[in-house]
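>
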DNA sequence: GATACTGATGAAAACGATTACATGGGTTAC
DNA sequence: GTAACCCATGTAATCGTTTTCATCAGTATC
């Protein structure tokens with residue numbers, strides 16, 4: 002590790018001058034500055050991040066927090082965009098999960114690591130720990146969970162569900178079912194959009210038509226789909242908590258010999274890549290991953306660069322309907 | 002940020018004693034030590050990682066390096082397991098991609114960030130930069146590329162392709178085609194396994210039956226599949242560079258009215274989750290993501306904890322065949 | 001009772017950078 | 001010719017830890 006001191010010695014100047022030259026400060030003789038920069042480059046000098054971080058209480062690191070299961074497509078896609086944006090903004094991205102907790106906490110971890118800011122991407126939003134972190138002095142942005150007095154970037158769950166219902170309605174569907182995920186912000190807002198959309202068209206939603214499932218889960222999707230299809234008056238269109246569930250659901254439909262898009266329709270959520278790969282292609286709601294990441298990092302950076310001014314942005318990213326063969330006109 | 006000095010003052014001892022107490026060193030009065038620990042806890046003291054890192058030239062950070070496209074399932078799954086393992090080993094995981102490069106390099110980035118070690122997960126392995134990093138004093142493990150004198154964790158590409166060919170052969174397939182990815186370690190070793198497997202069974206492989214495609218790419222998979230099916234004597238079984246390509250290929254087959262698993266067989270690679278979700282399910286080679294990650298981190302940690310002893314482990318992770326409906330007996 | 005030893009504690013250096021302040025030579029102004 | 005000023009440069013403090021070394025009281029040994 003070649004230090005600034007070494008560069009200074011090699012250049013025959015003090016560390017102060019070397020530092021100034023390398024940082025391009027004005028008050029140093031241009032010729033000498035160039036010489037210093039050259040020697041630094043030739044020696045392969047790179048500033049020590051730890052020293053910098055110590056000196057200016059800034060680490061240049063942004064932490065991405067989540068519980069687990071990063072590999073689901075939604076998270077993978079989002080994470081990828083977050084990485085692009087954080088790097089664009091000049092930060093490194095550390096992903097921190099829960100496993101390391103042996104008495105440690107997200108909050109103290111953030112503090113100890115000097116994380117300049119954190120993105121809470123997926124977590125048990127009801128845990129005291131998350132609440133503490135979100136309301137602490139550490140700049141934070143929460144994705145897809147509506148926290149009071151915090152920066153949140155939300156998906157327009159209610160509006161999107163409404164639009165999906167509307168699209169189904171306009172294709173003639175009148176008996177709509179919704180298999181939703183575990184309760185929480187995302188599910189609750191989606192449910193609300195679902196009911197709202199139905200109400201707007203004067204559709205009654207039977208109690209049996211709304212089933213709680215499990216996000217990304219094969220068994221639950223298969224079972225719930227079966228239960229709906231067994232109803233005396235089965236739905237003509239089923240909404241799923243996410244694309245993965247929808248695809249498993251479609252498998253269950255096919256297994257019963259139903260022709261998807263004609264006998265029955267299926268609608269996913271998230272717009273993962275698989276949606277266009279399955280057959281039939283899955284109609285779904287495509288999240289705008291790039292926009293989510295961009296706004297998240299934007300807000301986070303603003304909070305980092307303006308310490309003291311705690312903001313509470315509430316941004317909503319809409320996304321858009323992604324057509325697919327799985328949603329067809331209701332058969333007469 | 003509550004510092005050690007503050008804790009020491011509050012406890013009425015020197016920072017040295019406070020440090021010793023918190024680190025559980027023996028030479029401090031037990032009662033006093035407990036008192037110090039209590040005050041530290043009550044004040045919410047957390048050690049400053051930057052200071053630690055500066056003091057002990059260790060950051061507790063492991064860097065995961067790759068070019069881009071982290072969101073493909075293979076990388077997402079691997080990344081997830083890597084995270085689990087690094088956290089188990091007590092490290093944080095930073096993902097570093099290429100975008101930040103504005104004259105900066107992976108190598109100097111690793112140096113400046115005090116990264117204790119790096120995993121080179123995906124990159125242009127021919128670039129001078131990667132070669133320099135891999136051969137530098139920074140502990141490094143390379144995944145799925147065979148570097149001389151470096152720690153590498155490889156997939157048993159040759160053996161797995163051989164086994165896949167053998168399985169197809171035993172199902173009666175005699176005309177095997179291989180759409181492979183861009184050249185590089187993975188592709189070359191797979192090709193070698195493919196030819197070896199064919200040779201063992203005395204199969205001749207026509208020049209037209211081996212096509213260079215593009216990893217994870219829809220267009221290339223579709224086009225190459227079409228080209229193979231248009232041959233006067235089309236293959237009875239097509240191997241693909243990865244599952245994504247195989248799935249697109251299957252779509253092309255279906256589009257021609259072929260019944261997959263009977264008229265034609267398709268075999269993927271990687272064993273991503275989508276493989277069991279498509280219809281027909283995709284026969285593929287399932288990577289042992291957990292084992293890859295475990296060994297990678299294990300070797301990396303060994304190198305970190307034994308500085309100076311540069312190892313050059315060559316570990317091979319086998320994975321296993323994952324059956325699927327897409328590979329069936331050849332029709333008579 | 002003097003000497004050596006032990007064990008707890010504190011003072012201070014060190015890690016590698018930035019930066020406030022001091023210094024000193026050269027220029028300008030009267 | 002002297003005062004005032006400017007600009008380049010160096011000295012040293014600082015960030016929060018760990019750790020070496022010194023100190024000092026108490027105890028054991030002869």
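Protein chains in written order, with our numbering: chain Z, 2 to 333; chain W, 2 to 333. Using N, Cα and C, we set each Cβ at its ideal position, and we do this for glycine too.
So residue 245 of chain Z and residue 176 of chain Z are supposed to be a Cβ contact under 8 Å. How far apart are they, rounded?
Stepping through the first chain from its first residue, residue 245 of chain Z is reached at position 244. Stepping through the first chain from its first residue, residue 176 of chain Z is reached at position 175. Residue 245 of chain Z to residue 176 of chain Z, Cβ: 24 Å. No contact.
> Check the Cβ of residue 243 of chain Z against every Cβ in chain W and list those closer than 7 Å, keeping chain order.
Taking the first residue of the first chain as position 1, residue 243 of chain Z is located at position 242. What residue 243 of chain Z touches in chain W: nothing, since even the nearest Cβ is about 13 Å away.
> What number of angstroms, rounded off, separates the C-alpha of residue 190 of chain Z from the C-alpha of residue 106 of chain W?
Here the question's residue 190 of chain Z lines up with position 189 in the first chain. Here the question's residue 106 of chain W lines up with position 105 in the second chain. Using only the alpha carbons, I get a separation of about 44 Å.
> Just to confirm the assignment, what range does the beta strand (DSSP E) spanning residue 276 of chain Z have?
Within the first chain, residue 276 of chain Z is the residue found at index 275, counting from 1. Careful: residue 276 of chain Z lies outside any beta strand (DSSP E) and carries neither H nor E.
> Give me the subset of the region 241 to 269 of chain W whose CB atoms are less than 8 Å from a CB atom of chain Z, sorted by chain position.
Residues passing the 8 Å Cβ filter: 245, 248, 249, 252 and 255.
> To the nearest angstrom, how far is it from the Cα of residue 129 of chain W to the Cα of residue 150 of chain W?
The residue labelled residue 129 of chain W in the question sits at position 128 within the second chain. The residue labelled residue 150 of chain W in the question sits at position 149 within the second chain. Cα to Cα, the separation comes out at about 16 Å.
> Check for me: the alpha helix (DSSP H) holding residue 89 of chain Z runs from which residue to which?
On the first chain, residue 89 of chain Z is found 88 positions in, with the first residue counted as 1. From DSSP, the alpha helix (DSSP H) with residue 89 of chain Z extends over 74 to 89.
> Using 8 Å as the threshold, is the C-beta distance between residue 298 of chain Z and residue 86 of chain Z below it?
For this step, residue 298 of chain Z is matched to residue 297 along the first chain. For this step, residue 86 of chain Z is matched to residue 85 along the first chain. It is a contact, given that the beta carbons lie within the stated cut-off.
> Keeping to the same chain, check which residues put their C-beta closer than 6 Å to that of residue 292 of chain Z; ignore five residues upstream and five downstream.
Here residue 292 of chain Z corresponds to residue number 291 of the first chain, with the count starting at 1. Result list for residue 292 of chain Z: 318, in chain order.
> In whole angstroms, give me the CA-to-CA distance for residue 214 of chain Z and residue 255 of chain Z.
Against the first chain, residue 214 of chain Z aligns to sequence position 213. Against the first chain, residue 255 of chain Z aligns to sequence position 254. So the alpha carbons of these two residues sit roughly 20 Å apart.
> For a contact meaning CB atoms closer than 8 Å, what does residue 230 of chain Z contact in chain W?
Start at 1 with the first residue of the first chain, and residue 230 of chain Z comes out as number 229. Here the premise fails: no neighbours, minimum Cβ distance about 18 Å.
> Around the Cβ of residue 114 of chain W, are there at least 16 other Cβ atoms within 10 angstroms (buried) or fewer (exposed)?
Here residue 114 of chain W refers to the residue found at position 113 when the second chain is read from its first residue. So residue 114 of chain W counts as buried.
> Quick one: which chain Z residues come within Cβ less than 8 Å of residue 280 of chain W?
Working through the second chain from its first residue, we reach residue 280 of chain W at position 279. Here the neighbours are 252, 255, 279 and 280.
> For residue 252 of chain Z, does the count of other Cβ atoms within 10 angstroms reach 16, so buried, or fall short, so exposed?
In the first chain, counting from the first residue as 1, residue 252 of chain Z sits at position 251. Under this definition residue 252 of chain Z is a buried residue.
> Can you say whether residue 310 of chain Z is buried or exposed, counting buried as having 16 or more other CB atoms within 10 angstroms of its CB?
Here residue 310 of chain Z refers to the residue found at position 309 when the first chain is read from its first residue. Result: exposed.
> Going residue by residue through the region 201 to 237 of chain Z, where are the continuous alpha helix (DSSP H) segments of at least 4 residues, counting only ones entirely within it?
Counting only runs of 4 or more, we get 219 to 230.
> Would you check whether the ligand HEM has a heavy atom nearer than 7 Å to the C-beta of residue 45 of chain W?
The model on display carries no ligand, and the ligand HEM is accordingly not part of it.
> Can you pull the chain W residues whose beta carbon is under 9 Å from the beta carbon of residue 5 of chain Z, in chain order?
Taking the first chain and counting its residues from 1, one reaches residue 5 of chain Z at position 4. The contacting residues do not exist; residue 5 of chain Z stays about 12 Å from chain W at best.
> Strictly below 8 Å CB to CB, what residues from chain W border residue 114 of chain Z?
Here residue 114 of chain Z refers to the residue found at position 113 of the first chain. Near residue 114 of chain Z (Cβ distances below 8 Å), the residues of chain W are 50 and 93.
> By the 7 Å beta-carbon criterion, what residues does the region 278 to 310 of chain W contribute toward chain Z?
The residues in question are 278, 279 and 280.
> Taking residue 224 of chain W as the query, report the chain Z residues whose CB atoms sit under 9 Å from its CB, ordered along the chain.
Residue 224 of chain W sits at position 223 when you count from the first residue of the second chain. Within 9 Å Cβ-Cβ: nothing; residue 224 of chain W doesn't reach chain Z, min ~16 Å.
> Going by other Cβ atoms of all chains shown within 10 Å of its Cβ, with 16 needed for buried, is residue 184 of chain W buried or exposed?
In the second chain, residue 184 of chain W corresponds to position 183, counting from 1. Exposed is the call here.
> Does residue 233 of chain Z pass the burial test, meaning 16 or more other C-beta atoms within 10 Å, or should it be called exposed?
Position 232 of the first chain, counting from 1, holds the residue named residue 233 of chain Z. Residue 233 of chain Z comes out exposed.
> For a contact defined as C-beta to C-beta under 8 Å, what are the partners of residue 275 of chain W on chain Z?
For the purposes of this step, residue 275 of chain W is identified with residue 274 of the second chain, where counting begins at 1. Simply 275 and 278.
> Strictly by DSSP, which residues pair up with residue 240 of chain W?
As a position in the second chain, residue 240 of chain W is number 239, starting the count at 1. Bridge partners of residue 240 of chain W: W:179 and W:268.
> Under 8 Å, CB to CB, which of the residues in the region 8 to 22 of chain Z have a partner in chain W?
If the cut-off is 8 Å between Cβ atoms, the region 8 to 22 of chain Z has nothing near chain W.
> Relative to the alpha-carbon of residue 300 of chain W, which residue among W:121, W:280 and W:10 has its alpha-carbon at the smallest distance?
Position 299 of the second chain holds residue 300 of chain W. Of the listed residues, the one whose Cα sits closest to residue 300 of chain W is W:121.
> Does the structure place the region 34 to 45 of chain Z close enough to the region 73 to 84 of chain Z that three or more beta carbon pairs sit under 8 Å?
Touching, no, given that fewer than three Cβ pairs across the two stretches are closer than 8 Å.
> Would you kindly work out how many angstroms separate the C-alpha atoms of residue 277 of chain Z and residue 249 of chain W, rounded to a whole number?
Within the first chain, residue 277 of chain Z is the residue found at index 276, counting from 1. Within the second chain, residue 249 of chain W is the residue found at index 248, counting from 1. Spanning the two alpha carbons is a distance of roughly 10 Å.
> Any idea what DSSP makes of residue 93 of chain Z, helix, strand or coil?
For the purposes of this step, residue 93 of chain Z is taken as residue 92 along the first chain, with counting starting at 1. If DSSP states are grouped into helix, strand and coil, residue 93 of chain Z belongs with the strands.
> Measuring only between beta-carbons, confirm whether residue 109 of chain W sits less than 8 Å from chain Z.
Within the second chain, the letter at position 108 stands for residue 109 of chain W. Residue 109 of chain W counts as touching chain Z.
> At the 8 Å Cβ level, is residue 47 of chain W part of the contact set with chain Z, yes or no?
As a position in the second chain, residue 47 of chain W is number 46, starting the count at 1. Chain Z contact via Cβ: present.
> Could you say which of Z:326, Z:196 and Z:313 lies nearest to residue 152 of chain Z if we only look at CA atoms?
As a first step, residue 152 of chain Z is located in the first chain; it is residue number 151 there, counting from the start. Nearest C-alpha to residue 152 of chain Z: Z:313.
> Can you round the beta-carbon distance between residue 288 of chain Z and residue 269 of chain Z to whole angstroms, since I take them to be within the 8 Å contact cut?
Stepping through the first chain from its first residue, residue 288 of chain Z is reached at position 287. Stepping through the first chain from its first residue, residue 269 of chain Z is reached at position 268. Incorrect: roughly 11 Å between the Cβ atoms, too far for contact.
> Is it buried or exposed, residue 242 of chain Z, if we count other Cβ atoms within 10 angstroms and call 16 or more buried?
Residue numbering aside, residue 242 of chain Z sits at position 241 when the first chain is read from its first letter. Flag for residue 242 of chain Z reads buried.
> Chain Z beta carbons: is any one of them nearer than 8 Å to that of residue 77 of chain W?
Working through the second chain from its first residue, we reach residue 77 of chain W at position 76. Judged by the 8 Å Cβ criterion, residue 77 of chain W is in contact with chain Z.
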